[in-house]
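As they're listed, the protein sequences go chains A and B. End of the first sequence = 618 in the working numbering, gap-free, step of one. End of the second sequence = 618 in the working numbering, gap-free, step of one.
Protein chains: 2
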Amino acid sequence: MSTIAIIPIPNIPLIFPGDDLPSLLLEAIDRAKVGLKSGDILVICQKIVSKAEGALVDLKTVEPSPFARQIAAMWDKDPRVVEVVLRESRRIVRMKNGVVITETKHGWVCANAGVDASNSLGDDIVILLPKDPDASARTIRTTIEARRGITIGVIITDTFGRPWRDGLVEFALGVSGFEPLLDLRGSSDLQGRELHHTVVAVADELAAAAGLVMEKGAAVPAVIIRGYRFLPAEGTAKTLIRPAEADLFR
Amino acid sequence: MSTIAIIPIPNIPLIFPGDDLPSLLLEAIDRAKVGLKSGDILVICQKIVSKAEGALVDLKTVEPSPFARQIAAMWDKDPRVVEVVLRESRRIVRMKNGVVITETKHGWVCANAGVDASNSLGDDIVILLPKDPDASARTIRTTIEARRGITIGVIITDTFGRPWRDGLVEFALGVSGFEPLLDLRGSSDLQGRELHHTVVAVADELAAAAGLVMEKGAAVPAVIIRGYRFLPAEGTAKTLIRPAEADLFR
């Protein structure tokens, strides 16, 4: 087991719909002279992926439902934002103290279905999560791999809260190029005793590690993780979603 | 923002009650020739801290209560282990499908109150979480700081599951030397727009990053994280516990 490096990619320009994100990422990587090598994992904040893909809603086009108006009135929120949150959700998990936790259409449980109303695109524009973060990760990965002749992993992340624990942490929403769960069951510990129940969510650990250099406002929406050994595989972040029947917190 | 390195400390010997953990860690660091510098964060797996502190229970001394026997019978568990789990807990959060999630006496929500029955000390010995992980971290930090004339941070971690998401991740249970929450509220993003609600659980992100090299069975129960800038402060992992009134999942 050798050292892992978490390498920030600075000076990525502000991203707009239609931008060629793989090219902009490679240009920033080249400018930073950090290189991109086979075995690297490229971790990208959801916000720039969504912007490039145009996963945006102009609130001026949104007609809030009566339910959205009711929730918004209770907590002095913008009913159009609440409407967008409801449209992005398939289930409300908790609604309390002005916080709305939902399960998104993808299956992620997070505040406001990941809808971001605090961004640089103007007061009436909200940013959604990418429609299919695995597909976004795959497109970025295969484009970069083809252009550079290398094999990498890609993670699309977002910042979520957690039950019981304070503070936000970066999580994996989209994965391509490796398996997000590392199954160590059946491997043995130092004494030869079989280990039980040890499946590590490495994609979330990689996302959290990237979060250490992705601080908000610091213009670091992408990070290279170098030295984490993985077996190349298609991979999908969907394996990180705990199946309903095994979920004690539904 | 510069590169962060996650440096495994290999060849730490098996730890036994009464062992001088700071000395054994420093010896392993010296053998690995990775150094330990001011500004480093030393991340240590709970298991070796508990072993050194003798936070162990001999199951032969445990008389299970009727409630423990009842739970154990339901799911074919060792009633003595269930008894220890109950003694380490102040609240049962969920009990389903043979999984018991409790709030420990420290305030952590995790499976089996963190009691580890799968270890190298023999079939009848279970390992508890350290009695006061902040104090354990502080002792290790101040001992090493005094001996080496440096300023470091220390995190004691354990591997927990999460609601809704599959796989286990390394979390911070004890912190000394820095603040585990990084409060970015009031700082502004690229466009000068104020950011809201952004408090990052950096101690958990650091723990998860360390988890990437702490794989079970690989004899890497301690890790140095180098290059993460922090303000020296006493710090306590207790700030990572969401206050009951702000917790939507109680």
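All residues carry an ideal CB built from backbone N, CA and C; glycine is no exception. The model shown is predicted, which means the values in this text are computed figures rather than measured ones.
Near residue i, what residues of its chain come up, given a Cβ to Cβ distance below 6 angstroms and the 5 sequence neighbours on each side ignored?
{"i": "I508 of chain A", "result": "P390 and V522"}
{"i": "R458 of chain B", "result": "E471 and K473"}
{"i": "I460 of chain A", "result": "T470"}
{"i": "T511 of chain A", "result": "P390"}
{"i": "C478 of chain A", "result": "F528"}
{"i": "P501 of chain B", "result": "I524, L541 and G542"}
{"i": "A396 of chain B", "result": "I377, N379 and I380"}
As a quick exercise: from the options, pick the residue whose alpha carbon is nearest that of residue i.
{"i": "L489 of chain A", "options": "A:A420, A:L454, A:I397 and A:R462", "result": "A:A420"}
{"i": "N379 of chain B", "options": "B:V402, B:P385 and B:T472", "result": "B:V402"}
{"i": "D492 of chain B", "options": "B:I609, B:C478, B:E573 and B:V452", "result": "B:V452"}
{"i": "V417 of chain B", "options": "B:F598, B:E395, B:A505 and B:R458", "result": "B:A505"}
{"i": "S370 of chain A", "options": "B:S406, B:Y596, B:V591 and B:D444", "result": "B:V591"}
{"i": "L549 of chain A", "options": "A:D534, A:P589 and A:L599", "result": "A:L599"}
{"i": "K606 of chain A", "options": "A:G386, A:P531 and A:A503", "result": "A:A503"}
{"i": "V449 of chain A", "options": "A:P432, A:I374, A:I520 and A:E602", "result": "A:P432"}
{"i": "G407 of chain B", "options": "B:A514, B:D484, B:T510 and B:Y596", "result": "B:Y596"}
{"i": "A569 of chain A", "options": "A:A587, A:T519, A:L541 and A:R594", "result": "A:L541"}
{"i": "S486 of chain A", "options": "A:D387, A:A400, A:P611 and A:L424", "result": "A:L424"}
{"i": "T604 of chain B", "options": "B:E547, B:I495, B:D388 and B:V467", "result": "B:E547"}
{"i": "E513 of chain B", "options": "B:A571, B:L454, B:I409 and B:I377", "result": "B:I409"}
{"i": "R455 of chain A", "options": "A:G422, A:K464 and A:L497", "result": "A:L497"}
{"i": "T519 of chain A", "options": "A:R533, A:R594 and A:P434", "result": "A:R594"}
Can you give me the Cβ contacts of residue i inside the same chain, cut-off strictly under 7 angstroms, excluding the 5 residues immediately before and after it?
{"i": "T566 of chain B", "result": "L552 and R553"}
{"i": "E538 of chain A", "result": "T525, T527, A575, A576, A578, G579 and M582"}
{"i": "R462 of chain A", "result": "I469"}
{"i": "I609 of chain A", "result": "G475"}
{"i": "P376 of chain A", "result": "V581, V588 and V591"}
{"i": "P447 of chain B", "result": "P432, A436, R437 and A440"}
Compare the C-beta of residue i with all C-beta atoms of chain A and state if any pair is closer than 8 angstroms.
{"i": "E538 of chain B", "result": "yes"}
{"i": "W443 of chain B", "result": "no"}
{"i": "L616 of chain B", "result": "yes"}
{"i": "D484 of chain B", "result": "no"}
{"i": "V567 of chain B", "result": "yes"}
{"i": "K464 of chain B", "result": "yes"}
{"i": "L552 of chain B", "result": "yes"}
{"i": "T472 of chain B", "result": "no"}
{"i": "A373 of chain B", "result": "yes"}
{"i": "V430 of chain B", "result": "no"}
{"i": "V570 of chain B", "result": "yes"}
Would residue i be called buried (16 or more neighbouring beta carbons within 10 Å of its own) or exposed?
{"i": "D526 of chain A", "result": "buried"}
{"i": "S544 of chain A", "result": "buried"}
{"i": "N480 of chain B", "result": "buried"}
{"i": "W443 of chain B", "result": "exposed"}
{"i": "K499 of chain A", "result": "exposed"}
{"i": "L382 of chain B", "result": "exposed"}
{"i": "T429 of chain B", "result": "exposed"}
{"i": "Q414 of chain B", "result": "buried"}
{"i": "G535 of chain A", "result": "buried"}
{"i": "F384 of chain B", "result": "exposed"}
{"i": "A436 of chain B", "result": "buried"}
{"i": "R530 of chain B", "result": "buried"}
{"i": "A373 of chain A", "result": "buried"}
{"i": "A612 of chain B", "result": "exposed"}
{"i": "E628 of chain A", "result": "Coverage of chain A is limited to positions 369 through 618, which leaves residue 628 of chain A absent and any answer about it impossible."}
{"i": "V411 of chain B", "result": "buried"}
{"i": "G466 of chain B", "result": "exposed"}
{"i": "A441 of chain B", "result": "exposed"}
{"i": "G560 of chain A", "result": "Low per-residue confidence applies at G560 of chain A: pLDDT is 49, beneath 50, and the placement is therefore not dependable enough to give any value."}
{"i": "G482 of chain B", "result": "buried"}
Could you tell me whether any Cβ in chain B is nearer than 8 angstroms to the Cβ of residue i?
{"i": "G403 of chain A", "result": "no"}
{"i": "R530 of chain A", "result": "yes"}
{"i": "E583 of chain A", "result": "yes"}
{"i": "F619 of chain A", "result": "With chain A covering 369 to 618 only, the question about residue 619 of chain A has no answer from this structure."}
{"i": "E573 of chain A", "result": "yes"}
{"i": "G535 of chain A", "result": "yes"}
{"i": "L348 of chain A", "result": "Nothing can be reported for residue 348 of chain A, as the shown portion of chain A is limited to 369 through 618."}
{"i": "A576 of chain A", "result": "yes"}
{"i": "R469 of chain A", "result": "Just to set this straight, residue 469 of chain A is Ile in the shown sequence, not Arg. Yes, because at least one Cβ of chain B sits closer than 8 angstroms to the Cβ of I469 of chain A."}
{"i": "G579 of chain A", "result": "yes"}
{"i": "L549 of chain A", "result": "yes"}
{"i": "V425 of chain A", "result": "no"}
{"i": "V477 of chain A", "result": "yes"}
{"i": "D408 of chain A", "result": "no"}
Kindly list the residues whose CB is nearer than 8 angstroms to the CB of residue i, restricted to its own chain and excluding five residues on each side of it in sequence; keep chain order.
{"i": "T516 of chain B", "result": "Reading the sequence as shown, one finds Arg at residue 516 of chain B and not Thr. Excluding positions up to five away in sequence, the list reads L394 and L404."}
{"i": "G422 of chain A", "result": "P385 and G386"}
How about residue i: is its Cβ closer than 7 angstroms to a heavy atom in the ligand ZN?
{"i": "A440 of chain A", "result": "Annotation note on the ligand ZN: not contained in the displayed structure, which lists no ligands."}
Counting only beta-carbon separations shorter than 8 angstroms, does residue i have a partner in chain E?
{"i": "W476 of chain A", "result": "Here chain E cannot be found, since the structure's protein chains are A and B."}
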